[in-house]
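Chains as they are written, first to last, in the numbering used here: chain V, 7 to 341; chain R, 7 to 341; chain W, 7 to 341; chain H, 7 to 341. The structure appears below as structure tokens.
Number of protein chains: 4
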Amino acid sequence: MTTIAILGATGYTALELIKILLRHPNAEITALTSREDTRKIELVHPSLSGRLDLSLESLSAKEIANRAECVFSCLPHTASAKIVPELLHCGTKVIDLSADYRLNSVEVFETWYAEKHPDPNRLGKVPYGLPELFRKQIIGTDLIANPGCYPTSAILPLAPIIKTNLIEPEDIIIDSKSGVSGSGRKLRLSTLYPECNENISAYSVGTHRHTPEIEQIITTVSGKNTKVIFTPHLTPMDRGILSTIYSKPTRPVLQNELLETLSNFYRNEPFIKIVEHLPSTKDVSGTNFVHITARVVGNRIITVSAIDNLIKGASGAAVQNFNLMFNYPETTALI
Amino acid sequence: MTTIAILGATGYTALELIKILLRHPNAEITALTSREDTRKIELVHPSLSGRLDLSLESLSAKEIANRAECVFSCLPHTASAKIVPELLHCGTKVIDLSADYRLNSVEVFETWYAEKHPDPNRLGKVPYGLPELFRKQIIGTDLIANPGCYPTSAILPLAPIIKTNLIEPEDIIIDSKSGVSGSGRKLRLSTLYPECNENISAYSVGTHRHTPEIEQIITTVSGKNTKVIFTPHLTPMDRGILSTIYSKPTRPVLQNELLETLSNFYRNEPFIKIVEHLPSTKDVSGTNFVHITARVVGNRIITVSAIDNLIKGASGAAVQNFNLMFNYPETTALI
Amino acid sequence: MTTIAILGATGYTALELIKILLRHPNAEITALTSREDTRKIELVHPSLSGRLDLSLESLSAKEIANRAECVFSCLPHTASAKIVPELLHCGTKVIDLSADYRLNSVEVFETWYAEKHPDPNRLGKVPYGLPELFRKQIIGTDLIANPGCYPTSAILPLAPIIKTNLIEPEDIIIDSKSGVSGSGRKLRLSTLYPECNENISAYSVGTHRHTPEIEQIITTVSGKNTKVIFTPHLTPMDRGILSTIYSKPTRPVLQNELLETLSNFYRNEPFIKIVEHLPSTKDVSGTNFVHITARVVGNRIITVSAIDNLIKGASGAAVQNFNLMFNYPETTALI
Amino acid sequence: MTTIAILGATGYTALELIKILLRHPNAEITALTSREDTRKIELVHPSLSGRLDLSLESLSAKEIANRAECVFSCLPHTASAKIVPELLHCGTKVIDLSADYRLNSVEVFETWYAEKHPDPNRLGKVPYGLPELFRKQIIGTDLIANPGCYPTSAILPLAPIIKTNLIEPEDIIIDSKSGVSGSGRKLRLSTLYPECNENISAYSVGTHRHTPEIEQIITTVSGKNTKVIFTPHLTPMDRGILSTIYSKPTRPVLQNELLETLSNFYRNEPFIKIVEHLPSTKDVSGTNFVHITARVVGNRIITVSAIDNLIKGASGAAVQNFNLMFNYPETTALI
């Protein structure tokens with residue numbers, strides 16, 4: 007049994023995490039933190055009524071470390087990196103769901119996030135928590151940079167076909183459609199129900215912070231400098247990301263070869279399903295699965311992926327990493 | 007041509023009002039107010055892009071009266087009654103979409119709204135803007151209390167059958183289902199998209215402020231003291247109210263007699279449609295129409311009504327009242 | 007390990023059942039039937055891609071019994087009762103999710119379902135699969151009548167307060183709001199997306215087949231002849247039933263007494279949560295939980311319940327019954 | 007006053023058309039046809055209750071021509087071109103909302119639609135009903151090929167920047183997101199509410215029939231051979247198309263130059279709004295407006311357009327064409 011604390015437990019990601027961990031035979035949630043809220047967690051998330059008897063607390067790193075062998079941080083970026091060093095120092099393992107440790111370069115971080123990084127020296131040394139690509143590094147680490155939701159949906163279909171030289175790495179267009187839960191549980195006019203319902207729009211065109219994350223990870227995995235144009239869209243659903251990705255083949259290629267390349271690459275992966283049909287977000291909703299397919303259209307390859315942004319795009323991946331770090335079967339609580 | 011000012015122009019009700027008035031051949035919008043926002047209206051409501059070249063302004067009653075012969079107030083309750091007296095004093099006519107002038111009794115107002123009424127002496131003298139029941143009073147007035155959305159959906163089906171002694175006036179249950187736009191364009195956790203989507207819940211059970219409004223108006227119209235239990239529900243759609251109303255017949259009655267009573271009562275009303283099928287909110291969405299039907303089930307009469315909460319439940323009714331007050335054909339801009 | 011066949015595996019209920027059973031450590035799905043479809047199940051339900059390697063088959067009762075110790079029937083009413091007798095004869099246990107064995111009386115069945123019952127002699131002898139009320143009968147049986155979705159949402163909050171004489175049993179109004187998945191996966195104009203989205207309507211007013219089921223079960227449990235008016239509504243969401251139930255207290259009663267009565271009644275039930283707040287369908291979505299609260303308003307008691315119509319209202323309850331019948335811990339695969 | 011017949015009046019497009027024409031001061035609907043249905047139109051479309059007293063009829067071309075000076079055909083492709091020649095012969099003007107007269111080449115039609123064209127000789131001679139690009143031809147014609155919904159959303163933003171040589175005409179990616187009403191009011195498993203809700207997927211990747219239509223019209227307008235990759239997506243909303251379009255600039259270009267080029271091109275167009283913000287489908291929902299913007303990102307130009315697929319993408323455009331053909335002000339009934 008591993009004791010667990012969740013930092014920033016009031017949001018949607020934390021709620022999913024709690025629900026998954028309640029099903030986990032080897033995990034025991036022992037602390038939930040919030041800087042301001044001190045209510046019982048079931049008043050914050052009524053879906054937990056009668057299921058978890060804990061209240062939110064404002065705790066120091068030391069207090070957290072005394073209660074938990076593993077910490078999942080659902081804090082906002084920079085807030086996370088302010089507490090992580092001390093948690094590690096106290097011997098706690100940390101899975102950070104914020105963006106703080108995903109980028110290798112302080113400069114890139116500070117350019118895209120427009121804030122000083124509180125723990126710059128660790129950047130570049132923290133495994134990126136996509137087990138399908140970095141399982142070995144994850145197993146031995148005490149800190150994980152849990153991937154962003156859009157990057158997960160883009161990197162998994164692209165990495166294999168860039169690595170095998172099937173597409174040009176610098177001419178990639180990622181058109182992603184996300185459910186609204188990706189915006190978090192914050193008061194914002196733009197995510198009120200009557201603003202989002204019956205509505206689709208693009209946002210952060212050319213400026214979304216997941217762009218450098220996608221480029222860095224694919225570059226790392228493939229060894230090829232990768233450039234992407236990434237356009238996220240807000241769509242009227244709770245959950246799910248569908249990414250439609252346009253790339254240029256380096257040579258004539260057929261759909262079957264693409265599907266085989268993907269299938270071979272992910273042959274032993276329990277959560278990646280290479281499918282012949284066009285994926286739907288609903289088919290993976292509430293699960294840690296990823297559905298991926300590929301097509302050849304005109305002079306382009308189109309790859310399409312579907313994930314649940316809160317599960318494989320956040321909390322499911324976090325538990326998958328937890329399982330690896332603590333030597334539990336990788337799919338525990340996730341199937 | 008009548009010049010028009012809209013107070014509190016940043017919300018959903020005001021937006022619908024503007025859209026309707028842009029189609030009105032005899033209305034010219036000359037002022038839009040907000041206490042804080044000074045942006046161009048098309049930045050606040052992008053659906054007005056290129057359609058209305060006005061900015062929000064913070065204006066005194068006098069300034070408003072200088073620009074507009076008619077004022078539509080979309081201000082919150084008590085804010086409206088603070089400015090209305092001076093507007094009337096300046097000779098402007100006012101259609102008040104807030105709850106400030108709907109109730110006859112200061113005591114009832116202050117009990118249910120928990121605030122002091124800023125203009126108590128006018129209560130009881132202001133016509134209630136349901137033309138189907140109070141057309142004569144509306145025509146000659148300079149101030150209208152525009153009805154609440156739920157009351158409109160409940161009063162219209164109930165008034166005729168209470169007035170004709172078909173049902174017991176003190177044993178009525180109104181179970182209403184509303185779209186989220188009824189909650190207004192305010193920052194609230196409970197109306198975020200991921201909170202409302204795929205979700206239905208009851209709220210303000212036994213305590214909703216529209217309860218005394220419904221009781222008072224039906225009592226006035228029917229001459230019979232009326233008591234209702236009113237349960238509103240928040241449902242995952244933008245617009246629409248469906249009210250399912252359970253009442254007790256005073257004597258055996260057949261569905262046909264009910265439908266005929268309703269049809270006769272509203273025979274000449276352009277916006278009320280008594281239908282045989284069970285109404286759907288979608289069928290009246292974006293319109294000023296009301297669909298009503300009735301059934302006899304066991305020892306109860308069930309009446310069902312459907313309206314668009316933002317149109318017949320707010321801005322459409324307001325323009326219908328405007329047409330009557332300014333002697334334009336009642337359906338102008340509404341059909 | 008128990009081998010399992012699912013009859014009528016193409017619908018939404020069957021899909022949920024399969025997903026739950028895939029998480030069940032003691033269940034192995036060995037057959038899936040359809041009268042017409044012979045595709046691989048993952049082509050019918052793409053969310054099962056790579057998760058269950060079975061094809062649909064048209065099988066006789068004998069063939070089914072050879073492969074499965076337990077059969078879940080998701081067949082339509084009367085189709086189920088045509089095959090159940092032979093399955094039982096072959097020694098298979100059956101959980102019937104159709105309405106065929108829920109009513110005690112052939113006459114009542116044939117009146118409400120307008121078809122001849124294929125297995126009339128069994129009526130009245132089959133346990134009704136609500137473990138919270140009939141656990142003892144369920145444990146020893148070889149055939150279960152799995153409850154209807156609306157009845158589950160209505161019976162659970164009502165049974166305790168009728169049984170304890172808190173309300174009049176013959177003056178009950180049940181106003182229920184259901185997601186569209188309750189209509190099944192059939193081609194119907196009325197359940198097309200553009201017909202249901204942004205729309206609420208009542209249907210089957212006074213004529214819904216779940217009415218006699220609700221009345222019979224509450225009468226059985228409470229020993230008091232029960233009469234209900236039941237009005238279902240179709241609402242724009244996939245899943246969930248919210249039932250708002252109006253009843254008359256037999257004597258003055260406070261909210262606390264109601265909540266205590268309910269809490270005591272369900273004290274040891276793992277899936278029933280008596281809550282103080284007003285329940286939301288979203289809080290129980292995807293789970294086997296039931297949230298129930300109560301209020302006193304005017305001369306009425308209002309009880310509100312929320313369930314997931316596909317889980318506690320169908321497949322989750324079915325697995326709960328399966329666990330009881332096969333002596334597995336009752337919550338297996340359901341928490 | 008112009009008398010009007012609508013062919014194929016049971017679908018969503020016809021319903022929108024009827025609603026718009028009911029507001030048109032110079033249009034009188036005199037016939038509604040259906041091959042099978044003979045009900046009153048208000049039973050087919052309950053939103054028309056009490057608003058249009060006509061029944062569906064199965065009429066010959068001659069009978070239609072006797073009743074109507076203008077025919078809107080909402081028939082499926084090939085069904086439309088089977089009746090259009092005779093209608094024209096009888097002296098009726100026709101606005102064809104099907105795809106039958108949009109393509110210039112019989113070969114292209116028969117390749118993409120996989121059916122014989124019933125009236126091949128007219129292909130290439132029928133004006134394409136986008137008034138913003140073909141107003142002169144529309145004014146004098148007796149037959150209009152009303153544009154497809156996706157083509158409208160793609161052609162309007164692209165035509166000006168291809169015509170002015172700002173982008174490469176043969177390297178264009180159109181990623182479109184449409185509401186479900188675009189699929190029509192047909193019984194299909196894939197458009198059931200529980201299949202579409204909370205779901206996004208791509209469909210007809212590389213094979214959608216609007217591809218050659220887009221290419222042909224832009225080629226015609228710009229004089230440059232145009233090639234597009236077009237990927238439609240089904241999204242959980244009733245109405246609206248958002249097209250995100252990726253193209254390559256022929257030379258370095260700034261966002262302002264793009265916006266100015268678009269603004270100049272559509273300077274006098276009442277329905278086209280070039281906006282600085284990123285468009286939302288909701289902002290144009292229920293209207294004939296088109297919102298368009300442009301961005302420069304990396305080595306690509308991204309143009310984004312939003313329309314209502316049923317209005318500017320179908321019935322609104324049809325009425326706009328009607329107004330031009332019959333010499334009414336172009337915006338009548340559309341603003």
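Glycine included, C-beta positions come from ideal geometry on N, C-alpha and C.
To the nearest angstrom, report how far apart residue i and residue j are at their CA atoms.
i: V/His-95; j: V/Phe-78; result: 16 Å
i: H/Ala-67; j: H/Asp-289; result: 39 Å
i: V/Leu-265; j: V/Asp-43; result: 48 Å
i: V/Val-302; j: V/Ile-179; result: 15 Å
i: W/Gln-261; j: H/Ala-20; result: 53 Å
i: V/Thr-98; j: W/Arg-108; result: 55 Å
i: W/Thr-293; j: W/Leu-340; result: 7 Å
i: V/Ser-55; j: W/Pro-163; result: 17 Å
i: H/Cys-202; j: W/Leu-195; result: 14 Å
i: W/Lys-169; j: H/Pro-200; result: 37 Å
i: R/Ser-344; j: V/Leu-49; result: Because chain R spans 7 through 341 in this model, residue 344 of chain R falls outside it and cannot be assessed.
Leaving out five residues on either side along the sequence, give the residues of the same chain with a beta carbon under 8 Å from the beta carbon of residue i.
i: R/Ser-182; result: Tyr-156, Ser-159, Ala-160, Phe-236, Thr-237, Pro-238, His-239, Ile-247, Leu-248, Ser-249 and Thr-250
i: W/Asp-244; result: Gly-185, Val-186 and Ser-187
i: W/Val-310; result: Pro-163, Leu-248, Ser-249, Thr-250, Ile-251, Leu-284, Pro-285, Ile-298, Thr-299, Ala-300 and Arg-301
Taking C-beta pairs closer than 8 Å, name the residues in chain V that residue i reaches, listed in chain order.
i: W/Arg-306; result: Chain V residues near W/Arg-306: none, gap ~24 Å exceeds 8 Å.
i: H/His-239; result: Lys-183, Leu-248 and Thr-250
By Cβ distance below 6 Å, which residues in the same chain neighbour residue i in space, the five residues on each side in sequence not counted?
i: H/Glu-275; result: Glu-138
i: W/Leu-65; result: Thr-39
i: R/Pro-175; result: Ile-168, Lys-230 and Thr-232
Of the choices the options, whose alpha-carbon is the least far from that of residue i?
i: R/Arg-128; options: R/Ala-120, R/Trp-118 and R/Val-112; result: R/Val-112
i: H/Ala-375; options: H/Pro-218, H/Cys-76 and H/Leu-81; result: This structure does not reach residue 375 of chain H, given that chain H is present from 7 up to 341, and the question cannot be answered.
i: H/Pro-153; options: H/Glu-221, H/Ile-173 and H/Thr-213; result: H/Glu-221
i: R/Ile-224; options: R/Leu-58, R/Thr-147, R/Leu-65 and R/Ile-173; result: R/Ile-173
i: H/Arg-141; options: H/Gly-130, H/Pro-285 and H/Glu-336; result: H/Glu-336
i: H/Arg-306; options: H/Ala-120, H/Cys-76, H/Ile-150 and H/Asp-177; result: H/Asp-177
i: V/Thr-256; options: V/Ala-120, V/Asp-148, V/Asn-32 and V/Asn-171; result: V/Asn-171
Short of 7 Å in beta carbon distance, which residues of its chain neighbour residue i, apart from the five on each side in sequence? Order them along the chain.
i: W/Asn-205; result: Pro-242
i: H/Pro-166; result: Thr-267, Leu-268 and Phe-271
i: H/Ala-37; result: Ala-11, Glu-63, Leu-65, Ile-70, Arg-73 and Ala-74
i: V/Ser-291; result: Arg-245, Gly-246 and Asp-314
i: W/Asn-327; result: Ile-101, Gly-135, Pro-137, Ile-144, Ile-150 and Asn-152
i: W/Gly-190; result: Gly-17 and Tyr-18
Give the residues of chain R in contact with residue i, contact being defined as C-beta atoms less than 7 Å apart.
i: W/Tyr-209; result: Leu-284
Name the chain H residues whose beta carbon is nearer than 7 Å to that of residue i?
i: V/Tyr-199; result: Simply none; closest approach about 12 Å.
So residue i contacts chain V; which residues on that side make the cut at Cβ distance below 9 Å?
i: R/Leu-62; result: Result: empty, since nearest Cβ-Cβ is about 15 Å, beyond 9 Å.
Residues of chain R with CB closer than 9 Å to the CB of residue i, please, in chain order.
i: H/Arg-29; result: Arg-29 and Ile-341
For residue i, return the contacting residues in chain V, with the cut-off set at a CB-CB distance below 7 Å.
i: R/Glu-204; result: Asp-244
Residue i touches chain W at which residues, Cβ-Cβ below 9 Å?
i: H/Val-186; result: Leu-198, Tyr-199, Pro-200 and Asn-203
- Item | Start-end ranges of the alpha helix (DSSP H) lying completely within the region 118-160 of chain V, minimum 4 residues | 137-145
- Item | Every unbroken beta strand (DSSP E) within the region 204-292 of chain H, with a cutoff of 3 residues, ordered by chain | 234-240, 247-253 and 278-280
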